[in-house]
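> Sequence lines, in order, name chains A and B. Anchor point for the first sequence: position 75 equals 75 in UniProt numbering, and the numbering is continuous, going up by one each time. Anchor point for the second sequence: position 31 equals 31 in UniProt numbering, and the numbering is continuous, going up by one each time.
There are 2 protein chains.
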Amino acid sequence: MSNPCLPECGVARFLTLLNGPWATLIVRELLKAPHRFTELREALPGISPHTLTSRLRQFERHGIVTRTAYAEIPPRVEYELTPLGEGLRDVLEAMGTWAMAVPDPDAAVTA
Amino acid sequence: MSNPCLPECGVARFLTLLNGPWATLIVRELLKAPHRFTELREALPGISPHTLTSRLRQFERHGIVTRTAYAEIPPRVEYELTPLGEGLRDVLEAMGTWAMAVPDPDAAVTA
DNA sequence: CCGGATCCTACAAGATACTG
DNA sequence: CAGTATCTTGTAGGATCCGG
Numbered sequence: 001m002s003n004p005c006l007p008e009c010g011v012a013r014f015l016t017l018l019n020g021p022w023a024t025l026i027v028r029e030l031l032k033a034p035h036r037f038t039e040l041r042e043a044l045p046g047i048s049p050h051t052l053t054s055r056l057r058q059f060e061r062h063g064i065v066t067r068t069a070y071a072e073i074p075p076r077v078e079y080e081l082t083p084l085g086e087g088l089r090d091v092l093e094a095m096g097t098w099a100m101a102v103p104d105p106d107a108a109v110t111a
Numbered sequence: 001m002s003n004p005c006l007p008e009c010g011v012a013r014f015l016t017l018l019n020g021p022w023a024t025l026i027v028r029e030l031l032k033a034p035h036r037f038t039e040l041r042e043a044l045p046g047i048s049p050h051t052l053t054s055r056l057r058q059f060e061r062h063g064i065v066t067r068t069a070y071a072e073i074p075p076r077v078e079y080e081l082t083p084l085g086e087g088l089r090d091v092l093e094a095m096g097t098w099a100m101a102v103p104d105p106d107a108a109v110t111a
């Protein structure tokens, strides 16, 4: 895309960090509580392990989530939002609030 | 993706309506003021007319923007947010506010 | 249980050229 | 000016198999 991110354009940065349809939904789950890998899979019907890993890794790199592996049998891994990630709560709430006011995504044509 | 959109999940609906990297940026420009087609192109360096038209049409269908064509010479077309689209201001502001608090998208690794 | 590796699909987006 | 048409590309995501 090569958008130079204008001075005041924090929006572009947000989009870079939460790109793709799943990213925001994953954050949404983690806002409720820390989750294990499998728990996230169950909370996000249809997501593939590949995608989930991919998004989670990206979040780690950006300091949005922490990954804690417990060397137990069976293995256990917890994903938790960092304070930075917690800050996304306001954004997600704003999204949800707005979307609730939308008549209907598909029926909007008839409006 | 086929995500069934859980009961409380307005977030998923938001993501459906503002999908793709450019969608949100276009809304961001229109939040400042109504824009003509070419004005949007200039405000969004790198966007192709194809993509711009595509996103704009989708916004129209969803009732987020209105398209007003003036039968003049030269032709003039104005894109303006509907009240529904205006409601996105809070969401975009939340995004910007959060992103500003992020150390740096790329340097976050070193944090 | 967690998740990396590989290959493939779907869709947003880019490039370019052309029209009312 | 404001698009449209066609073709290609880039990347998120899906499917499947397998290793720690």
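Backbone N, C-alpha and C fix where the C-beta goes; we use that ideal spot for every residue, glycine too. Since this is a predicted model, take the numbers as computed values, not measurements.
Once you ignore the five residues that flank S2(B) on each side, which residues in its own chain have a CB closer than 7 Å to its CB?
Any reading at S2(B) needs caution, since the residue's pLDDT is 42, under 50, leaving its predicted position unreliable; the model's value is listed next. Around S2(B): no qualifying Cβ.
> Could you compute how far the alpha carbon of T97(A) sits from the alpha carbon of L18(B)?
15 Å
> With C-beta atoms as the reference, is Y80(B) less than 7 Å away from T66(B)?
The residue you asked about is not Tyr; residue 80(B) is Glu in the sequence shown. Their beta carbons are under 7 Å apart, which means E80(B) touches T66(B) by this criterion.
> Closest to A74(B) by C-alpha separation, out of E60(B), T16(B), T38(B) and T82(B), would be which residue?
According to the sequence displayed, residue 74(B) carries Pro and not Ala. Closest option to P74(B), judged by alpha-carbon separation, among E60(B), T16(B), T38(B) and T82(B): T38(B).
> State the start and end residues of the unbroken alpha helix (DSSP H) segment that holds T53(A).
P49 to R61
> Compare the C-alpha of L30(B) against each of V102(B), F59(B) and A101(B) and name the closest.
F59(B)
> Chain A partners of P75(B), CB-CB under 7 Å?
Under the 7 Å cutoff, chain A gives no residues; its nearest Cβ is about 25 Å from P75(B).
> Which residues in chain B have a C-beta closer than 7 Å to the C-beta of A33(A)? List them in chain order.
Those do not exist, as A33(A) stays about 15 Å from chain B at its closest Cβ, beyond 7 Å.
> What does the alpha-carbon distance come out to for the pair A69(A) and L56(A)?
13 Å
> Can you name the start and end residues of the beta strand (DSSP E) that E78(B) belongs to?
R76 to L81
> Do you know offhand how far L40(A)'s Cα is from C9(B)'s?
15 Å
> Our contact map puts V11(B) next to L25(A) with C-beta atoms below 8 Å; I'd like the distance itself, whole angstroms only.
7 Å
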